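Undergrad:
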Amino acid sequence: MHFETGLHQAAQAIGAGFARELDGWPDVPVVHAMAYALEGGKRLRGYLVIEGARLHDVDPDRALRAAMAIEAVHAYSLVHDDLPCMDDDDLRRGRPTVHRKWDEATAVLAGDALQTLGFELVSDPACHPDADVRADLTLTLARASGARGMVLGQALDMAAERADAPLDLAAITRLQADKTGALIRWAAEAGARLACADPAPLGTYAQALGLAFQIADDILDVEGDVDAMGKAVGKDADRGKATFVSLLGLDAARGRADALVTEACDALAVYGARAEPLRQAARFVISRRN
Numbered sequence: 001m002h003f004e005t006g007l008h009q010a011a012q013a014i015g016a017g018f019a020r021e022l023d024g025w026p027d028v029p030v031v032h033a034m035a036y037a038l039e040g041g042k043r044l045r046g047y048l049v050i051e052g053a054r055l056h057d058v059d060p061d062r063a064l065r066a067a068m069a070i071e072a073v074h075a076y077s078l079v080h081d082d083l084p085c086m087d088d089d090d091l092r093r094g095r096p097t098v099h100r101k102w103d104e105a106t107a108v109l110a111g112d113a114l115q116t117l118g119f120e121l122v123s124d125p126a127c128h129p130d131a132d133v134r135a136d137l138t139l140t141l142a143r144a145s146g147a148r149g150m151v152l153g154q155a156l157d158m159a160a161e162r163a164d165a166p167l168d169l170a171a172i173t174r175l176q177a178d179k180t181g182a183l184i185r186w187a188a189e190a191g192a193r194l195a196c197a198d199p200a201p202l203g204t205y206a207q208a209l210g211l212a213f214q215i216a217d218d219i220l221d222v223e224g225d226v227d228a229m230g231k232a233v234g235k236d237a238d239r240g241k242a243t244f245v246s247l248l249g250l251d252a253a254r255g256r257a258d259a260l261v262t263e264a265c266d267a268l269a270v271y272g273a274r275a276e277p278l279r280q281a282a283r284f285v286i287s288r289r290n
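Numbering (the UniProt record's numbering), first residue to last: 1 to 290.
(1) Are there three or more Cβ pairs, one per stretch, closer than 8 Å when the segment 167-177 is compared with the segment 198-218?
(2) Bridge partners for residue 96 per DSSP, in chain order?
(3) Tell me whether residue 74 is buried or exposed, calling it buried when 16 or more other Cβ atoms sit within 10 Å of its Cβ.
(4) Run the CB neighbour count on residue 45, radius 10 Å, all protein chains shown included, and call it buried at 16 or more, exposed below.
(5) Is residue 139 buried or exposed, if buried means 16 or more other CB atoms sit within 10 Å of its CB?
(6) Rounded C-beta distance between residue 58 and residue 181? I'm assuming under 8 Å.
(7) Across the segment 31-48 and the segment 69-84, are there enough close Cβ pairs to call them in contact, namely three or more that are closer than 8 Å?
(8) Do residue 268 and residue 199 have their C-beta atoms closer together than 9 Å?
(9) Closest to residue 255 by CA distance: which of 280, 274, 279, 287 is it?
(10) Could you pull the start and end residues of the alpha helix (DSSP H) that residue 186 belongs to?
(11) By the 10 Å Cβ neighbour count, where 16 or more other Cβ atoms means buried, how is residue 185 classified, buried or exposed?
(12) Is it right to say residue 97 is buried, meaning 16 or more other beta carbons lie within 10 angstroms of its own, or is it exposed?
(13) For residue 56, which of helix, strand or coil comes out of DSSP?
(14) Ends of the alpha helix (DSSP H) at residue 201?
(15) Around the Cβ of residue 141, are there at least 16 other Cβ atoms within 10 angstroms (buried) or fewer (exposed)?
(16) Relative to the C-alpha of residue 12, which candidate in 38, 167, 247, 28 has its C-alpha closest?
(17) With a threshold of 6 Å on Cβ separation, who are the neighbours of residue 247 within its own chain once the five nearest residues in sequence on each side are excluded?
(18) Taking the alpha carbon of residue 112 as the reference point, which residue from 55, 196, 30 has its own alpha carbon closest?
(19) Which residues mark the beginning and the end of the alpha helix (DSSP H) in which residue 32 is found?
(20) Judging by CA-CA distance, which residue of 48, 261, 108, 245 is the nearest neighbour of residue 167?
Below, the structure written as structure tokens:
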């Protein structure tokens, strides 16, 4: 299956899964805000779960639960990142951010609830009948999303804005490996974990993919269009933040992203032709316009 077809099908399945999951929940603002935050987006992380699971012949229903989990955690991170105390954004995916549509308290609670929903989904027996597999997924998701992963990256990013001197390339690489890369790596490895297989090849793939994804984001912050992006652009430069583009320049940043995509694709050699959609996903990451 071609990557774009698979991505579309994954997005449809994940969206339908969330509609079923939230059906019957209390009719209150925080639940409406959760549903709103889960709408839209590329669903790339969820797609990585589903495609990695396909490579290992995992039951699609189990893979969907894990895909929904990573998308719920990702959605929580965006809701919190947009808050005035962090990035203070008014737009996300071309619509008002959650705290603008509702209020800050509702946004905080919706983010909290989305995070816990993610862990509920992977710890439920519907995700996998083996408690050891569920525990592994839960533990690794906690590490990827917490103060040794995504939260650490966000904390380092906020500290960098207050620092006297911009971060150097090594520091930016470490920051983004946590902030962006940790959840992408979990998503890529989840299919192998569901199959009790070695996640290392997909982990190597995801490590390169995550860094290429962030470099592409930095390029889009310079060259992107607000209508296509669905959020503000040029904010990094306005804040004087160090990025891959500010440190390397546009041409060298593009070259680095291209090299990372090659590295990601090479890591999939063990899967042969079956991994072609994941190779296409890596190429998509650096060619996207939003």
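Where is the CB? At the ideal position from N, CA and C, for every residue including glycine.
Just so you know, these numbers come straight off a predicted model, no measurement behind them.
TA: In this structure, then:
(1) Because the criterion of three Cβ pairs below 8 Å is met, the segment 167-177 and the segment 198-218 touch.
(2) Your numbering for residue 96 matches position 96 in the sequence shown. 91.
(3) Residue 74 sits at position 74 when you count from the first residue of the sequence shown. Residue 74 counts as buried, since at least 16 other C-beta atoms from the protein chains shown sit within 10 angstroms of its C-beta.
(4) Position 45 of the sequence shown, counted from the first residue, corresponds to residue 45. Residue 45 comes out buried.
(5) Against the sequence shown, residue 139 aligns to sequence position 139. The residue is exposed, with fewer than 16 neighbouring Cβ atoms inside 10 Å.
(6) As a position in the sequence shown, residue 58 is number 58, starting the count at 1. As a position in the sequence shown, residue 181 is number 181, starting the count at 1. Their Cβ separation, rounded to whole angstroms, is 23 Å, which puts residue 58 and residue 181 out of contact at 8 Å.
(7) At 8 Å Cβ cutoff, the stretches touch.
(8) Sequence index remark: in the sequence shown, residue 268 carries index 268 (1-based). Sequence index remark: in the sequence shown, residue 199 carries index 199 (1-based). No, they are not a contact pair.
(9) The residue you call residue 255 lines up with position 255 of the sequence shown. The option with the nearest alpha carbon to residue 255 is 287.
(10) Counting from 1 along the sequence shown, the entry for residue 186 is found at position 186. Looking at the DSSP string, the run of the alpha helix (DSSP H) that includes residue 186 is 181-194.
(11) Mapped onto the sequence shown, residue 185 falls at position 185. Counting Cβ neighbours within 10 Å, residue 185 comes out buried, since at least 16 surround it.
(12) As a first step, residue 97 is located in the sequence shown; it is residue number 97 there, counting from the start. Classification of residue 97: buried, given that the 10 Å Cβ count is 16 or more.
(13) Within the sequence shown, residue 56 is the residue found at index 56, counting from 1. If DSSP states are grouped into helix, strand and coil, residue 56 belongs with coil.
(14) Residue numbering aside, residue 201 sits at position 201 when the sequence shown is read from its first letter. Per DSSP, residue 201 is one residue of the alpha helix (DSSP H) stretching across 200-223.
(15) In the sequence shown, residue 141 corresponds to position 141, counting from 1. Classification of residue 141: buried, given that the 10 Å Cβ count is 16 or more.
(16) In the sequence shown, counting from the first residue as 1, residue 12 sits at position 12. Minimum Cα distance to residue 12 is reached at 38.
(17) Sequence index remark: in the sequence shown, residue 247 carries index 247 (1-based). Cβ within range, chain order: 169.
(18) Here residue 112 is taken as the residue at index 112 of the sequence shown, counted from 1. Residue 112 has its Cα closest to that of 30, out of 55, 196, 30.
(19) As a first step, residue 32 is located in the sequence shown; it is residue number 32 there, counting from the start. Taken as a continuous stretch (DSSP letters only), the alpha helix (DSSP H) holding residue 32 covers 29-38.
(20) Position 167 of the sequence shown, counted from the start, is the residue given in the question as residue 167. Considering only alpha carbons, the answer is 245.
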